[in-house]
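Participant: Handing you a structure now.
Quick look at the structure:
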């Protein structure tokens, strides 16, 4: 069991690091996906070890939410690209002002 | 033991599919030739029967050109993926009705057999487009390749949804995702009679998902030369063809299993029925190729999003409702 | 049968979908589609009705609608002795009105929209009638509310129409709250809302005369008051006359407003347990009957007269169900659906040929121009006045006779007086519209007043025939009254300890006398002109003004409810709560605090998305560390 | 046997993740991401969650990845590929990531549950799909409907965002 949980922790950590250090917005989105998958893996592993299928059901919800998150994220990316001709995350700082 | 059987099956499937693909090209050229009042391949062998072998051999000896600006690893990866995923989908397709052996055992004529066959096939079909996508990216800035890949991506995303929704109706009616169970559920009447709209939508979506005429926009010759395959040559290009033809086989088999009752049918043995149906679909592809003009790109998208998708959603609502309250579905 | 019953509901729904979605294309035959959908629905509905007549209650559960832990609510349909009557009345009268609408609405630019709404309304009404549990009934209840809102405000360009739609919606909401409370109580006590589950156990669970039964009864009755426009919540109905006239006929005469009566009759098992609730129902019914009749006397607008008379007749129905003789209420509901539907349709025909004019002051001698409409109008008026052998006589007499026998003499007296007034105002209208001389010279010529087309007159004639013979099921045959015997299977009459016996012939005689004297009075005043109406009005000036202004009910609502609200809103909510507490204290205060805090936090807001991620990650680390070190170690 | 399988698949999964983290070219990153998704699907199969494994492939690899690729293809290629790999000050966040990893792994190591039900109750009549359906539409009906609304909102949001020029 620990193995699965460690893999899940690794994925979450990798995803989080990706979100923190990458500059390319598309890769930030991908890192988010990786992170979500880490969480999903945790749920499925727990569903297996606890003998309760609820975890798998939760994964379905996670998948749906991940899909919507990607859709909105990509829409933002497209809009930002239209406006700034760039998807460098450091250019996305209009909220600062 | 089981692993051994699986490996043997795999080898057989590879061989059969390779031969099938070679002769599918011959068959298509013949049929399209006759439709256009030509003869088609005639020189190599009797009625050109050896032509595909000659073609295959030639593609082996062709010079393998790799553009300077190409992204090398991806350039290698693209044709490999384009051939692998359709093939991965094909291993779940049975090649014959399952054989009931003595002692209650069942011998399946498919390499991979599970309770969720259809989901597996859908997943692999969705992935099959990656080969094309990467081909565009890897070709090193070739406009033709890039545009072709772009179109393919948009087309696949749209039609994959239609395909899945259309499949959902028979799945609901059969209460199973397993191909054998679905065939079993159609013992009395094929689902095409219950679900004519879903069948039509599935046929349209399957042509679009395999990017053939009249939806072959990713490789529209007049505008894009050869679309995503422009920069590829020799064996690599052959692999793209292999992928596409295997894909056609997969969707044809899926359509005949899910909507036309697979190996059920009167008089003739199951195996014969099954292959008649599959070959009919493959003939349909060629027929469309010979007769239809290509759609415009916006029309393609309109068909998917404005016509097929709402129609299928309504269809599913109706099917689910009818099944829930015990009405006849049609 | 299972499928047939479902399609009784589905056919109007399909009609609604066709006209609603493809209205642009189906416009030329939208009316035909809608009417044939209703026709099919009616014919299919006959099968379950026949089955009930043979003594088999039809009930099917189609699927589980809402599975909660203990309370499982199914989606099921039920046709028993009560709902069979409703099913027949609703589908048949609606069908007639759909056919009639083909002529009435011809040329309107919202033709397809109108018919889609009409079909939606019937769908909702059928769900209300056929559902086998209270929650499904509530779906229909709200569905008819929605459809009536859409239909009343059909000509939404007119601000009065859209206002009337909103008013109907808002007033109904008060009643719905009561209904919901009743249903929730029921869930609390029974753990179920299915009829077949609740009613047999009602006596066992609640007990005779218990507070719980009274609360449920009253809460449900509040819902009925809203939907059936009884005394305090009746104000929406008269305004609702802004809709097209067939809509008034459908919604405000035959179907929706009777939903309350149906619901009380349906819940007979609960009402029978609570004499208090019954008393309230009957009293409010009697009061409304009288109160509305007085208002009908002074009004000059045909549709308003009919609206008030509807209120009055609904009051009669509530007397019927309130005294515990449920069959009388349902019986009157049925006959009323026939003759009041007919009256509204005839009024619509007049309106159609008078180009929308409705005041009885402008009409007179219309009989010569519209002979058929005049005939059916007189038949319907005779029916509502309770003249034998027309339908209204039997049902009204059954209600009043039972009221007296069950020991409610005051209600009986009020009912008889109301019967007199009913006859009077109905024939006041008939005489001033159809008899006498043309009041405005050349008006008819100018308007090209003419008889309505056949597509409108035929449904009127069908309803006219039913207005005559519809009451005959109330004649005693072979020792029992057929309709009483029929309804009593599902809704048995409450037993009373001391049953007084009065001579039936005498009671009938009194009723008939009341009706005839009302007609006579109207004849004397409006035809013979022994004394003109103005003179009487002047004689009782204060009362007349009061009545003509509908007891100042709208003004009362405005003064006592809207005004104080207004005052509290301006003086307290706005000036003190809003300005001082919320604006100064909370909004500015939070802003101030947020500003202060923000100044500190601004250091963190670098505007780089990555930096935000650091903090989130640090938060996760802190949380997991806390869990690790505090919880586990 | 199973242990070896687990290690191979874990290496694929984590390797894919690292590929996303480290690769400069976003297209290659997408490929690595798909690689990682495959690994996770494999892990799901090992955990007897066949339905979710297929869902993983269809939704993540088939739809989300294709969507990301599609959006990247709309953008200017040279701009995409010429971006700097990391933020200028990437050391601190990398440290935070490492700390997160250490923390979570330690948590995973310390985590103790009752192991008496391992692998049970995951199927009805041998079908994982049916079990999920039973639970999803009976116990989680409301969350399911809420999810549907979330998807609808995201759909509308995405359309609005891409359609209007916000200035």
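Residue numbers (the working numbering), protein chains in the order written: chain P, 1 to 97; chain L, 98 to 427; chain Z, 428 to 1060; chain D, 1061 to 1227. Even for Gly, the Cβ is constructed at its ideal location relative to N, Cα and C.
1. Going by the beta-carbon positions, is the gap between residue 513 of chain Z and residue 562 of chain Z smaller than 9 Å?
2. Are the beta-carbon atoms belonging to residue 749 of chain Z and residue 825 of chain Z less than 9 Å from one another?
3. Rounded to a whole number of angstroms, what is the C-alpha to C-alpha distance between residue 1041 of chain Z and residue 1146 of chain D?
4. List the DSSP bridge partners of residue 486 of chain Z.
5. Between residue 957 of chain Z and the rest of its own chain, which residues show a CB-CB distance below 6 Å, the 5 nearest in sequence each way excluded?
6. What does the Cβ neighbour count give for residue 197 of chain L, buried or exposed, with the cut at 16 atoms within 10 Å?
7. Does residue 144 of chain L come out as helix, strand or coil in the three-state DSSP assignment?
8. With a threshold of 6 Å on Cβ separation, who are the neighbours of residue 339 of chain L within its own chain once the five nearest residues in sequence on each side are excluded?
9. Could you spell out the range, first to last residue, of the alpha helix (DSSP H) harbouring residue 163 of chain L?
10. Less than 9 Å between CB atoms is the rule here; does residue 1037 of chain Z satisfy it with respect to chain P?
11. Counting only C-beta atoms, is residue 1021 of chain Z closer than 9 Å to chain P at any point?
12. Taking residue 28 of chain P as the query, report the chain D residues whose CB atoms sit under 9 Å from its CB, ordered along the chain.
13. For residue 85 of chain P, which residues in chain D fall below 8 Å Cβ to Cβ?
14. Work out the CA separation of residue 631 of chain Z and residue 699 of chain Z for me, nearest whole Å.
15. Using only the alpha-carbon positions, how far apart do residue 971 of chain Z and residue 734 of chain Z sit?
16. Quick check: does the Cβ of residue 428 of chain Z come within less than 8 Å of any heavy atom belonging to the ligand ADP?
17. Do residue 557 of chain Z and residue 506 of chain Z have their CB atoms nearer than 9 Å?
18. Counting only the same chain and skipping the five closest in sequence on each side, list residues whose C-beta sits under 6 Å from that of residue 462 of chain Z.
19. Note the first and the last residue of the continuous alpha helix (DSSP H) segment covering residue 357 of chain L.
20. Determine, using beta carbons only, whether residue 429 of chain Z comes closer than 9 Å to chain L.
21. Report yes if the C-beta distance between residue 692 of chain Z and residue 881 of chain Z is below 9 Å; otherwise report no.
22. I'd like the span of the alpha helix (DSSP H) that includes residue 278 of chain L, first residue to last.
23. Anything in chain L within Cβ reach of residue 1102 of chain D, meaning under 8 Å, just list it in chain order.
24. Drop a sphere of 10 angstroms on the beta-carbon of residue 287 of chain L, count the other beta-carbons inside from all chains shown, and report buried for 16 or more, exposed for fewer.
25. Please list the residues of the segment 1158-1185 of chain D that have a C-beta atom closer than 7 Å to any C-beta atom in chain Z, keeping them in chain order.
26. Tell me, please, whether the segment 401-417 of chain L touches the segment 254-263 of chain L by the rule of three or more beta-carbon pairs shorter than 8 Å.
27. Within 10 angstroms of the Cβ of residue 758 of chain Z, are there 16 or more other Cβ atoms? Answer buried if so, exposed if not.
28. Which residues in the same chain have their Cβ closer than 8 Å to the Cβ of residue 623 of chain Z, if we skip the five residues on either side of it in sequence?
29. Could you tell me whether the segment 628-646 of chain Z touches the segment 537-554 of chain Z, using the rule of 3 or more Cβ pairs below 8 Å?
30. On a CA-only basis, which of P:38, P:62, P:12, P:49 is nearest residue 1044 of chain Z? Give me that one, please.
31. Below 7 Å on C-beta distance, what does residue 1119 of chain D contact in chain P?
32. Where residue 491 of chain Z and residue 501 of chain Z are concerned, what is the direct C-alpha to C-alpha distance, given to the nearest angstrom?
33. Going along chain D, which residues have a C-beta under 8 Å from residue 281 of chain L?
34. Which residue marks the beginning of the alpha helix (DSSP H) containing residue 1088 of chain D, and which one marks its end?
35. Considering residue 650 of chain Z, what are the terminal residues of the alpha helix (DSSP H) in which it resides?
36. Could you pull out every residue in the same chain whose Cβ sits closer than 7 Å to the Cβ of residue 1073 of chain D, ignoring the five residues on either side in sequence?
Facilitator: On the basis of the coordinates in this document:
1. no
2. no
3. 14 Å
4. Z:505
5. 951
6. exposed
7. helix
8. 118, 180
9. Taken as a continuous stretch (DSSP letters only), residue 163 of chain L belongs to no alpha helix (DSSP H), as it is neither H nor E.
10. yes
11. no
12. The premise fails here: residue 28 of chain P is roughly 10 Å from chain D at the closest Cβ pair, so nothing lies under 9 Å.
13. 1136, 1139
14. 13 Å
15. 19 Å
16. By its list of ligands, the structure shown contains no ligand whatsoever, and the ligand ADP lies outside what it can speak to.
17. yes
18. 525, 526
19. Premise fails: residue 357 of chain L is in no alpha helix (DSSP H) and is neither H nor E.
20. yes
21. no
22. 276-282
23. Result: empty, since nearest Cβ-Cβ is about 13 Å, beyond 8 Å.
24. buried
25. 1159, 1160, 1163, 1164, 1166, 1167, 1170
26. yes
27. buried
28. 486, 505, 559
29. no
30. P:12
31. 63, 67
32. 4 Å
33. Neighbours of residue 281 of chain L on chain D: none; closest Cβ ~15 Å, over 8 Å.
34. 1086-1106
35. 638-654
36. 1096, 1099, 1100, 1103
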